[in-house]
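This report concerns only the one structure given below.
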Amino acid sequence: MHFKPKVLFRAIVLKLTALLILSLLSMPAYGGIIDRVVAFIDDQAITLRDFQQYYRLASRFHKGLTPEKAIETLINRLIILREAYRMKLKGSSDDELINTYIDIKIRAFVRVSEDEIIRFYRANRERLGGVALDDVRDQIETLLREKKVNSLLKRHLRRLKQGSYIKVNYIPES
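Counting in the numbering used here, the sequence shown runs from 84 upward without gaps.
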């Protein structure tokens with residue numbers, strides 16, 4: 084058998100090109116793990132970097148914050164943000180967007196009656212140092228409103244979580 088050099092050269096180049104393409108296709112898109120996924124909610128991930136940034140900041144203000152509680156808070160934030168985006172709410176930051184969502188979906192429906200304020204005042208008169216009701220009415224109303232908002236928000240989040248697939252892959256150390 085006699086091969087022509089040009090034909091043989093083309094055949095070798097073609098085979099090498101095919102091998103190179105196949106080897107490139109079988110390689111991963113990146114060389115290693117860029118960021119580990121701590122948890123995910125449906126198709127949204129909470130990465131180790133997200134966790135570390137949040138935990139570092141939040142633990143300065145909330146002494147005794149556990150990694151578990153930090154992950155739960157990050158999950159809650161993602162769920163609320165997702166709902167806020169669905170409602171096409173606007174905000175200059177995630178925190179502002181979350182607050183706007185809570186104002187619209189929860190806080191707008193919370194009322195504190197005069198009877199509730201008076202009952203709280205009577206039950207806590209000694210702790211309040213004998214201050215007149217009129218002097219603390221606004222603070223009591225704010226406290227009772229925020230308690231109701233927190234309670235309703237927890238219930239609302241439980242309902243939203245029921246419609247989501249949530250998985251915590253691991254809990255980082257603090």
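Beta carbons are placed, not taken as given, at the ideal position from N, Cα and C, and that holds for glycine.
Output yes or no for whether 9 Å exceeds the beta carbon distance between residue i and residue j.
i           : j           : result
residue 121 : residue 249 : no
residue 162 : residue 185 : no
residue 165 : residue 124 : yes
residue 137 : residue 149 : no
Quick check on DSSP: helix, strand or coil for residue i?
i           : result
residue 124 : strand
residue 250 : strand
residue 156 : helix
residue 148 : coil
residue 172 : coil
residue 165 : helix
Along the chain, where does the alpha helix (DSSP H) that runs through residue i open and close?
i           : result
residue 188 : 177-188
residue 232 : 216-245
residue 191 : First-last for residue 191: undefined, no H or E at that position.
residue 140 : 131-144
residue 198 : 197-206
If you draw a straight line from the alpha carbon of residue i to that of residue j, how long is it in whole angstroms?
i           : j           : result
residue 180 : residue 191 : 15 Å
residue 126 : residue 188 : 24 Å
residue 174 : residue 209 : 42 Å
residue 228 : residue 167 : 22 Å
residue 246 : residue 159 : 13 Å
residue 196 : residue 202 : 10 Å
residue 199 : residue 235 : 17 Å
residue 214 : residue 220 : 10 Å
residue 231 : residue 224 : 11 Å
residue 278 : residue 252 : Outside the displayed range of the chain (84 to 257) lies residue 278, so it cannot be described from this structure.
residue 182 : residue 212 : 33 Å
residue 153 : residue 172 : 25 Å
Looking at chain D, is there any beta carbon in it that lies within less than 9 Å of the beta carbon of residue i?
i           : result
residue 197 : Protein chains in the displayed structure number just one, and chain D is not present.
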